[in-house]
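Contents: one structure, followed by commentary.
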Amino acid sequence: MRDSLLLLAQVALMLRPPQDLPPSRWLMRMATAAYLLFGTWLLSDRLGVMTAFLMSATDALLLAGFAAFILALQGRLNRLLQTWTALAGAGALVSIVMLPLVAVISSLVGSGEGGVSSFLVYLLFSWLLAVNAHIFRHAFGLSNIFLGLAAAVIQYLFSEVMLAILFSSQLEALT
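What the sequence shown shows, in the numbering used here, is residues 3 to 177, in sequence order.
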């Protein structure tokens, strides 16, 4: 367990490729549960627990579906278990780091003092995009990180559009 968590952290720090993770369904389930738990926690303050969970689950399905689609096109579907484990584990780790920042930003809303915290959230988002690019590069067998980054940006934009369509009424209520 400890070794698997260390490997996930190394993938999230872009020190190891996703194929170094063990092809373990147990680890994949734990990473998925953590992804859903921390994703829900991040969103629940503004959206409520049920909507936050549904958005996190939809996001997870879109991310896993994107990876599965590209891997299937390449005939590399056997890489999906480790790829999804890496994506979910890295996403959960970034969410854990982001939780205190989101709490600080929420407490400073309206005071005009949340600039540094907001900047750090954007920095963490950039880190997550870079980590997903790293994972996609290795999982999809891409020749360089820039192609992985293109895949990560395309996946992110697709997910954002789909979430906006599926949860438009809940998101409009926030404004």
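Just so it is clear, CB atoms sit at the ideal spot from N, CA and C, and this is done for glycine as well.
By the three-class DSSP mapping on this structure, what secondary structure does residue i have?
i    : result
M30  : helix
L102 : Note on residue identity: the sequence assigns Pro, not Leu, to residue 102. Looking at P102 - three-state DSSP - the assignment turns out to be helix.
G67  : helix
G143 : coil
L23  : coil
G77  : coil
L44  : helix
L17  : coil
G91  : helix
G150 : helix
Starting from residue i, trace the alpha helix (DSSP H) in both directions and tell me its first and last residue.
i    : result
S170 : 170-174
S6   : 4-14
Grab me the residues of residue i's own chain with a C-beta within less than 8 Å of its C-beta, minus the 5 sequence neighbours each way, in chain order.
i    : result
R27  : L83
L8   : none
A59  : L38
A166 : L173
L122 : L103
What's the gap between the Cα of residue i and the Cα of residue j?
i    : j    : result
F169 : G93  : 21 Å
D22  : F68  : 21 Å
A154 : T87  : 16 Å
Y158 : F127 : 11 Å
T85  : E174 : 33 Å
A54  : P20  : 28 Å
Using a Cβ-Cβ cut-off of 6 Å (strictly less than) and excluding sequence neighbours within five positions of residue i, which residues of its own chain qualify?
i    : result
G91  : L10, A33
L95  : A14
L73  : L79, R81, L82
L144 : G150
A36  : A94
Would residue i pass as an interface residue toward chain E - the criterion being a Cβ-Cβ separation below 9 Å?
i    : result
A141 : Here chain E cannot be found, since the structure has a single protein chain.
Quiz item: Does the pairing of the segment 134-144 with the segment 14-33 give three or more beta-carbon distances under 8 Å?
Solution: yes
Quiz item: Contact between the segment 34-51 and the segment 74-83: three or more CB pairs below 8 Å?
Solution: no
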